[in-house]
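Counting in the numbering used here, the sequence shown runs from 22 upward without gaps. Every residue, glycine too, gets a C-beta built ideally from N, C-alpha and C. Just so we're clear, the structure is a prediction, and the values are computed from it rather than from any experiment. First comes the structure, then the notes that go with it.
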Amino acid sequence: MTDAPSPLPEGPDAPEPGSLEAEALEHIRALIRIDSVNTGDPATIGDGETRAALYVKERLDEVGYDTVVVEPRAGRASVVARLTGSDPDAGALVAHAHLDVVPVDAEDWTHPPFGAEIHDGILYGRGAVDMKDFAGMLLAIARAFRREGVVPRRDLIFAFFADEEAGGVWGARWMVENRPELFAGATEALSEVGGFSIPLPEDRRAYLVATAEKGVTVATLTARGSAAHGSRPTADNAVVRLAQAVAAVGAHEFPVVRTAALERFLDVYARAGGDIDDLGFSASLIDAGSRNTASPTVLSAGGKINVIPASASATLDVRVVPGQADALREQLAAVVGDDVEVAWAREIPAIEAPAEGRLVDVLQDAVTAEDPDGTVVPYLLPASTDNKHLARLGIRGYGFVPLRVPADFDVFGQFHTADECVPVEALFFGTRVTARILRDA
């Protein structure tokens, strides 16, 4: 039996009713309760994204924003609103979150995936970190700035996108291709994946900021041989050749590439007192960003047990370090050998933003105001976000959703998992830090 869910944490650290933190939590929970699962299949996607977008629109309209709702396909709506800043010469900042979430298997969950229940100071629900937490924070901050007459230094473009979990086809990508004027004047963007704390010695914390993202492409391996009856083994069995190639890919470790983001991470993390050998659960995240990777994900061969097929294929999810596309192709070809064909498709280039500059300094100042010993550390994200689409407009993307969490809490490990959760105190911290960033950036 679990404890009954409480509406708000109690105790000395609980926010005052009506405070910015309390409002952010209210919006986060409301958004989690909207089932906006994105299966990637139009036949099984409902109207959850549009319902979430209308929730955001209504709350922004209440405080006087001129909101734009874009719905290029039924049920796949996004919302954009702009707040004018004090410096017309400063480039606008896009603060964005996606409203869709990945599917759930409710049987694997201890708490209802769309219940937004709080137990022992932990908020549970699909989207708790990916990424209705940031959507709720941004919504609360946007409303507070408008109500209180806060004028940020630069224009703020608040964007709430559909379809990020399926590549942004009907969300950020569609808007970049069809409504680029909504992002006019924007030079930088702030969104996932980063901002969460990882432990440093002496009970201090580093806060990761994604200043780069690996590229994404798909490689298809195809092995060919002679078709034959299954009772008569052949020397050129395509399935065997493919299996050997897939095993070789799985066993291969691509070399470390010393990118600007990796060099900056190693430098800042070390100066903060961190030891790369003590990264714990964060080690795999940093390692994946330091080298190219190729993961076999789909196999296809044959259709009848007693028939040796003439061909067999495997699909690889390939993630490419910035500037390494050509080198990766050569390396993968060498790994699989001459007997297997390699075809490439759906390439999305890597992106990089400066690891130093005014915005990174603002992130550090905002963290310091809440955690005096906290250090912002750039890193290279091995995955992809909607920042890749905005990059096509010349907008430099950063991943920073600030969450101060206990040393043993793996934020990145919550993405797409059952019982996705986040400490409520981390959400309060993130709301305060994000408000400072958006005001001062």
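Supposed close pair residue i, residue j - CB separation, criterion 8 Å
{"i": "Thr238", "j": "Val319", "result": "The Cβ separation is near 15 Å, so there is no contact."}
{"i": "His119", "j": "Met152", "result": "6 Å"}
{"i": "Glu441", "j": "Gly146", "result": "7 Å"}
{"i": "Glu198", "j": "Val422", "result": "No, Glu198 and Val422 are not in contact; Cβ-Cβ is about 26 Å, not under 8 Å."}
{"i": "Val328", "j": "Gly251", "result": "6 Å"}
{"i": "Asp121", "j": "Ala183", "result": "6 Å"}
{"i": "Thr208", "j": "Ala374", "result": "About 10 Å; that fails the 8 Å criterion."}
{"i": "Ala193", "j": "Leu380", "result": "Ala193 to Leu380, Cβ: 20 Å. No contact."}
{"i": "His472", "j": "Ala180", "result": "No answer is possible for residue 472: it lies beyond the span of the chain, which begins at 22 and ends at 462."}
{"i": "Tyr86", "j": "Ala98", "result": "Not a contact, Cβ separation roughly 16 Å."}
{"i": "Ala149", "j": "Ile53", "result": "7 Å"}
{"i": "Glu368", "j": "Gly236", "result": "7 Å"}
{"i": "Ala161", "j": "Leu81", "result": "Incorrect: roughly 11 Å between the Cβ atoms, too far for contact."}
{"i": "Glu391", "j": "Val454", "result": "6 Å"}
{"i": "Thr60", "j": "Pro134", "result": "Not confirmed; about 14 Å, so no contact."}
{"i": "Glu234", "j": "Lys409", "result": "6 Å"}
{"i": "Gly294", "j": "Pro222", "result": "5 Å"}
{"i": "Ala439", "j": "Asp126", "result": "7 Å"}
Cβ-Cβ distance between residue i and residue j below 7 Å
{"i": "Ile143", "j": "Pro444", "result": "yes"}
{"i": "Ala420", "j": "Leu401", "result": "Rather than Ala, the amino acid found at residue 420 in this sequence is Gly. Not closer than 7 Å, so no."}
{"i": "Val90", "j": "Val77", "result": "no"}
{"i": "Leu349", "j": "Asn313", "result": "yes"}
{"i": "Val397", "j": "Leu242", "result": "no"}
{"i": "Ala376", "j": "Pro399", "result": "yes"}
{"i": "Arg253", "j": "Ser332", "result": "no"}
{"i": "Ala315", "j": "Leu263", "result": "no"}
{"i": "Leu75", "j": "Leu177", "result": "no"}
{"i": "Arg457", "j": "Ala387", "result": "yes"}
{"i": "Arg460", "j": "Pro220", "result": "no"}
{"i": "Ala137", "j": "Arg72", "result": "no"}
{"i": "Arg175", "j": "Val84", "result": "no"}
{"i": "Asp407", "j": "Glu185", "result": "yes"}
{"i": "Ser303", "j": "Val277", "result": "no"}
{"i": "Ala269", "j": "Val356", "result": "yes"}
{"i": "Ala45", "j": "Thr452", "result": "yes"}
{"i": "Ala322", "j": "Val261", "result": "no"}
{"i": "Ala240", "j": "Val363", "result": "yes"}
{"i": "Gly395", "j": "Tyr228", "result": "yes"}
{"i": "Trp191", "j": "Pro63", "result": "no"}
{"i": "Ile66", "j": "Ala210", "result": "no"}
{"i": "Glu79", "j": "Gly96", "result": "no"}
{"i": "Leu414", "j": "Pro201", "result": "yes"}
{"i": "Ala335", "j": "Val289", "result": "no"}
{"i": "Val230", "j": "Leu384", "result": "yes"}
{"i": "Val58", "j": "Ser218", "result": "no"}
{"i": "Asp154", "j": "Leu448", "result": "yes"}
Extent of the continuous alpha helix (DSSP H) run through residue i
{"i": "Thr44", "result": "For the sequence presented, residue 44 should be read as Glu rather than Thr. Here the alpha helix (DSSP H) through Glu44 covers 41 to 53."}
{"i": "Ala447", "result": "445 to 461"}
First through last residue of the beta strand (DSSP E) which encompasses residue i
{"i": "Ala428", "result": "Run containing Ala428: none; DSSP gives neither H nor E here."}
{"i": "Phe155", "result": "Per DSSP, Phe155 belongs to no beta strand (DSSP E); it is in the alpha helix (DSSP H), 153 to 169."}
{"i": "Asp82", "result": "No beta strand (DSSP E) holds Asp82; the alpha helix (DSSP H) holding it covers 69 to 83."}
{"i": "Thr438", "result": "Counting along the chain, Thr438 falls outside any beta strand (DSSP E), and DSSP gives it neither H nor E."}
{"i": "Arg417", "result": "417 to 420"}
For residue i: DSSP bridge partner residues
{"i": "Phe179", "result": "Ala102, Ala116"}
{"i": "Arg340", "result": "Val237, Thr314"}
{"i": "Ala335", "result": "Leu242, Leu320"}
{"i": "Val172", "result": "The partner list for Val172 (beta bridge, DSSP) is empty, contrary to what the question assumes."}
Which runs of the beta strand (DSSP E) spanning at least 3 residues fall entirely within the stretch 188 to 251, listed in chain order?
Taken in chain order, the complete beta strand (DSSP E) segments of 3 or more residues contained in the stretch 188 to 251 are 207 to 212, 218 to 221, 225 to 234, 236 to 245.
Please go through the stretch 250 to 330 and give each complete beta strand (DSSP E) segment of 3 or more residues, from N-terminal end onward.
The DSSP assignment places complete beta strand (DSSP E) segments of no fewer than 3 residues inside the stretch 250 to 330 at 314 to 322, in order along the chain.
Quick check on the DSSP output: what are the complete alpha helix (DSSP H) runs of length 4 or more inside the stretch 357 to 408, in order along the chain?
379 to 391, all fully within the stretch 357 to 408.
Which ranges would you report for the beta strand (DSSP E) in the stretch 87 to 165 if only whole runs of at least 3 residues count?
As summarised for the stretch 87 to 165, the continuous beta strand (DSSP E) elements at least 3 residues long and confined to that stretch are 89 to 91, 99 to 104, 113 to 119, 143 to 145, given in chain order.
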